[in-house]
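Undergrad: The sequence shown begins at 2 in the working numbering and counts up one residue at a time.
Sharing a structure with you now.
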Amino acid sequence: MTVSLEQVPNPAYICPDDMACSNLDRAAQVLHLDPSIVAVLRVPKRVVTVSIPVRMDNGQIRVFAGHRVQHSNVLGPYKGGLRYRDDVTLREVSALAMLMTWKCALLGIPYGGAKGGVAVDPRSLSLGELERLTRRFTSELVRDIGPQLDIPAPDVGTSAREMAWIMDTYSTSVGHAVPGVVTGKPLSIGGSRGRDMATGMGALITTREALATANRQLAGTTIAIQGFGKVGRAAAELFARQGARVVAVSDGSGGIYDPDGLNIEHLADFVRDGSKVAHFPGAKLIPNAGLLTLACDVLVPAAVENQITDKNARLIQAKWVVEAANAPTTLEADRILEERGIIVLPDILANAGGVVVSYLEWVQGLSYLFWDEEKVNHELEKLMVSAYARVLQQANHLHIPLRLAAYTLAVGRVVEAFSVRGLYP
Ligand code: GLU
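Here it is in structure tokens:
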């Protein structure tokens, strides 16, 4: 099937000129794709931007900008998180929406890709303000989301609490309970066991598999983790339980380091009430940037985008980089790491555990049958291990890095479905 380029809106209008598009282009080259199909995939299918007026506690009204970018629904409903962060932009959300399309396609789960965000620092709002913001944003999106249409989930700055507000607002608006409209919900309203640890668990599984490929094992491996939020903390706890030595972690307050391995269990307890990593008693402090270039076997960026750049990529000492965050490595840095023979487990594989268990949550909800944690983790393990094996095989077969291998598999799957479905009209 061929589509004329003229039918596609100017790709520059919201297509991020970064990782997502460049990797799509590289994959398209390897797969010899028709450029007109690539042009369709470069741009999101739908973009919704709304203003969200919120009455603040002091009686004044503040207006926030909210976005939901729906990149593709070729393989199923749009799927992806909703982030609250003060520097959220439409461009960033567009890139992340595209990543979700590839992530879901790579894992073989029946979803397209989306991402949403509100430009707000959630820590600057009271609980009541946050709830009003979330409910108003949901009500603005009520015709754009739904269990068969677009299913939000937690992301940076959001959690099960916000998902419960979204579920309740959506359900109130349609007149009956619709748990399937979001994933990452609290257990009491249809959430899945294992969802809170899922992204960390996925990162653990991919790391374990990658180490095994090099005849190494987790026990004794040294690991540095940037970010100690939902993802970084879960990953750290899981790595430590497997006998890996987590030598450094950081959050916004800075990093801490112990070459003999930090006591992650104590640290996790310590930060639970909102304390900062840098205040952990007895810790040797290191700057956040220094964590990335520490001597260790595995570096796990688990915070936000663009952390490994052309400025620090040459200084990285880890042999493996496990992208638990989305897009933590810039394009230039990715090239440098490739040149230096550092193995990068790409985000669309390494952090896919979250959306995989979102999928398992959605399946459990739709079938009104809930599983124990063992069953959830077993299904997650199966999907992650087989995705890693496919990516490795593709990389070896085509002599390309893991990221490009993952993109070729994901993009290939979406393009095939697109071609089979055809273009309407
Ligand atoms: N926000 C997570 C991600 O970037 C999870 C998305 C989801 O569960 O839909 O993959």
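Note that the Cβ used here is the ideal one computed from N, Cα and C, for glycine as well.
Fair warning: this is a prediction, and the values are worked out from it, not measured in the lab.
Hey, does residue 350 have any beta-carbon neighbour from chain B nearer than 8 Å?
TA: Going by chain labels, chain B is absent from the structure shown, which holds only one protein chain.
Undergrad: Please classify residue 369 as buried or exposed, where buried requires at least 16 neighbouring CB atoms within 10 angstroms.
TA: Locating residue 369 in the sequence shown gives position 368, where the first residue counts as 1. When all chains shown are included, residue 369 counts as exposed.
Undergrad: What span of residues does the alpha helix (DSSP H) with residue 170 cover, start to end?
TA: By one-based count along the sequence shown, residue 170 stands at place 169. 161–175 is the extent of the alpha helix (DSSP H) around residue 170.
Undergrad: Please classify residue 134 as buried or exposed, where buried requires at least 16 neighbouring CB atoms within 10 angstroms.
TA: Taking the sequence shown and counting its residues from 1, the one referred to as residue 134 is at position 133. It counts as buried.
Undergrad: So for residue 138, helix, strand or coil by DSSP?
TA: Sequence index remark: in the sequence shown, residue 138 carries index 137 (1-based). Of the three classes helix, strand and coil, the one that applies to residue 138 here is helix, per DSSP.
Undergrad: Where does residue 272 sit, in a helix, a strand or coil, going by DSSP?
TA: In the sequence shown, the residue the question calls residue 272 occupies position 271. If DSSP states are grouped into helix, strand and coil, residue 272 belongs with the helices.
Undergrad: On a CA-only basis, which of 384, 299 and 254 is nearest residue 289? Give me that one, please.
TA: The count along the sequence shown starts at 1 and reaches residue 289 at position 288. Residue 289 has its Cα closest to that of 254, out of 384, 299 and 254.
Undergrad: Give me the DSSP bridge partner(s) of residue 330.
TA: On the sequence shown, residue 330 is found 329 positions in, with the first residue counted as 1. Beta-bridge pairing links residue 330 to 309.
Undergrad: Going by CA-CA distance only, name the one from 345, 361, 35 and 280 that's closest to residue 383.
TA: On the sequence shown, residue 383 is found 382 positions in, with the first residue counted as 1. Out of 345, 361, 35 and 280, 361 has the C-alpha closest to the C-alpha of residue 383.
Undergrad: Buried or exposed for residue 424, going by 16 or more other Cβ atoms inside 10 Å?
TA: Residue numbering aside, residue 424 sits at position 423 when the sequence shown is read from its first letter. With fewer than 16 other Cβ atoms within 10 Å, it is exposed.
Undergrad: Are the beta-carbon atoms of residue 172 and residue 140 separated by less than 8 Å?
TA: In the sequence shown, residue 172 corresponds to position 171, counting from 1. In the sequence shown, residue 140 corresponds to position 139, counting from 1. Contact flag unset, no.
Undergrad: Do three or more CB pairs link the stretch 274–294 to the stretch 235–253 at distances below 8 Å?
TA: The answer is yes - the stretch 235–253 touches the stretch 274–294, with three or more Cβ pairs under 8 Å.
Undergrad: In chain order, what are the residue ranges of uninterrupted alpha helix (DSSP H) at least 4 long that sit wholly in the stretch 228–308?
TA: For the stretch 228–308, whole alpha helix (DSSP H) runs of length 4 or above, ordered along the chain, are 231–242, 265–272 and 289–293.
Undergrad: The beta strand (DSSP E) that contains residue 50, what's its start and end?
TA: Numbered from 1 along the sequence shown, position 49 holds the residue referred to as residue 50. Here the beta strand (DSSP E) through residue 50 covers 47–56.
Undergrad: Tell me whether residue 54 is buried or exposed, calling it buried when 16 or more other Cβ atoms sit within 10 Å of its Cβ.
TA: If you number the sequence shown from 1, residue 54 lands on position 53. With fewer than 16 Cβ atoms within 10 Å of its Cβ, residue 54 is classed as exposed.
Undergrad: Since residue 223 sits in a beta bridge, which residues does DSSP pair it with?
TA: Taking the first residue of the sequence shown as 1, we reach residue 223 at position 222. For residue 223, which the question treats as bridged, DSSP gives the partners 246.
Undergrad: Near residue 232, what residues of its chain come up, given a Cβ to Cβ distance below 8 Å and the 5 sequence neighbours on each side ignored?
TA: Residue numbering aside, residue 232 sits at position 231 when the sequence shown is read from its first letter. 200, 201, 204, 303, 325, 326, 352 and 355.
Undergrad: Please classify residue 285 as buried or exposed, where buried requires at least 16 neighbouring CB atoms within 10 angstroms.
TA: By 1-based counting over the sequence shown, the position of residue 285 is 284. The residue in question, residue 285, is exposed, as its Cβ has fewer than 16 Cβ neighbours within 10 Å.
Undergrad: Would you identify the three-state DSSP class for residue 181, choosing helix, strand or coil?
TA: The count along the sequence shown starts at 1 and reaches residue 181 at position 180. Helix, per DSSP.
Undergrad: Buried or exposed, going by whether 16 or more other CB atoms sit within 10 Å of the CB of residue 104?
TA: Within the sequence shown, the letter at position 103 stands for residue 104. Looking at its Cβ environment, which holds 16 or more other Cβ atoms inside 10 Å, residue 104 is buried.
Undergrad: Please check the pair residue 227 and residue 301, which I expect to be a contact at CB under 8 Å, by giving their CB distance rounded to whole angstroms.
TA: Taking the sequence shown and counting its residues from 1, one reaches residue 227 at position 226. Taking the sequence shown and counting its residues from 1, one reaches residue 301 at position 300. Going by Cβ atoms, the distance from residue 227 to residue 301 rounds to 7 Å, so yes, they are a contact pair.
Undergrad: Mind reading off the beta-carbon distance from residue 193 to residue 357? Whole number of angstroms is fine, and I expect it under 8 Å.
TA: For this step, residue 193 is matched to residue 192 along the sequence shown. For this step, residue 357 is matched to residue 356 along the sequence shown. About 10 Å separates the two Cβ atoms, so there is no contact after all.
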